[in-house]
Amino acid sequence: MSVVTGALGSLGPKLLQLLHGEYKLQKGVRKQVESLSRELDSIYPFLHKVSDVPWDQLDEQVKLWAREVREASYDMEDIIDTFLVRVDGGKNNSDSSSLKLAMTKLGELFSKAKARRDIAAKIKDITKRLEEVANNRQKYKLDEIMCKPLAATSTIDPRLKAMYKEVTQLIGVDKSSDELMSLLNQSQQDHDASDKKMKMVSVVGVGGLGKTTLARAVYDKLKPQYDCGAFISIGRDHDLVKVFKDILFHLDSENHKDIHNTERGVELLIHQLR
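Structure representation (structure tokens):
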């Protein structure tokens with residue numbers, strides 16, 4: 001089901017956490033978060049119904065819509081997690097120096113203020129995006145399509161198809177994820193337990209093909225096999241220090257919850273990752 005629903009199932013509790021008084025969201029942002037929560041409540045039952053149907057038996061328009069919901073859910077989860085980390089980090093500062101403690105607290109105030117401004121803009125964007133997704137569900141009458149036999153609705157509306165550069169990537173996501181998992185697991189089959197090496201598989205292609213969605217689907221499937229894991233999005237112009245901090249946080253959020261509020265060089269972060 002996670003291949004269809006993405007991170008949608010975990011977003012509800014995280015949105016409620018955002019509404020907690022301690023995060024001191026601006027009034028307008030709180031309303032947007034509440035609106036997001038209501039929108040998710042209306043989308044999830046329909047998406048759950050979609051997930052109950054075998055992927056190859058779904059109408060193509062429904063598949064395209066499900067992909068948009070899934071990718072939006074991952075983006076929302078990243079936005080919320082980043083905000084929670086930046087605001088929660090550094091709460092248990094045990095530095096005994098009053099001056100250092102005061103400077104740390106001052107830095108935290110500025111950091112949290114910026115985090116609240118950042119999330120206000122991002123929540124506004126993601127709210128607009130989710131509203132468009134919800135409107136597309138009505139516009140293309142997806143509820144009616146789900147009630148009809150597959151053969152009666154086999155043609156993709158060209159307006160919906162135009163939203164994506166490559167339809168086959170969505171249609172073949174399950175097959176592609178199985179192939180990718182096979183490549184990743186091959187090292188375990190080919191080597192003894194004492195001779196396991198890091199396995200790297202690259203997913204390449206032009207923008208809009210769903211590479212991130214495919215990678216996330218594989219990550220969600222394989223994660224239960226490991227004690228810990230991290231799914232990190234890295235842009236073309238990335239900050240290496242931030243990347244390492246994100247990895248450390250996702251690997252062990254309890255011991256590294258203040259990682260984004262500390263000054264650490266690349267060498268030290270690499271040492272911690274080892």
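Sequential numbering of the sequence shown, starting at 1, is according to UniProt numbering.
All C-beta atoms in this analysis are idealised placements derived from N, C-alpha and C, irrespective of residue type, glycine included.
Taking the Cα positions, E179 is about 42 Å away from H20. Residue range K27 to S51 is occupied by the alpha helix (DSSP H) that includes H48. Residue environment analysis places V203 among the exposed positions, since fewer than 16 neighbouring C-beta atoms fall within 10 angstroms of its C-beta. With fewer than 16 other Cβ atoms inside 10 Å of its own Cβ, S182 counts as exposed. Counting along the chain, the unbroken alpha helix (DSSP H) around F249 starts and ends at L240 to L251. For L58, there is no enclosing alpha helix (DSSP H), as DSSP marks it with neither H nor E. Under the three-state reduction of DSSP output, K197 falls in the coil class, being neither helix nor strand. Residue burial annotation: E144 is exposed, with fewer than 16 other C-beta atoms found within 10 angstroms of its C-beta.
A66 carries a helical assignment under DSSP once its states are collapsed to helix, strand and coil. Residue state for V218 is assigned as helix, using DSSP reduced to three classes. In the three-state reduction of the DSSP assignment, S202 falls in the coil class.
Put simply, the segment 78-87 does not touch the segment 54-67. Fewer than three CB pairs are less than 8 Å apart. Note that the C-beta distance between A134 and I43 is below 8 Å. For K14, the secondary structure class from DSSP, reduced to helix, strand or coil, is helix. Between the alpha carbons of C228 and K221 lies a gap of roughly 13 Å. Closest in alpha carbon position to Q26, among W65, I123 and V50, is I123.
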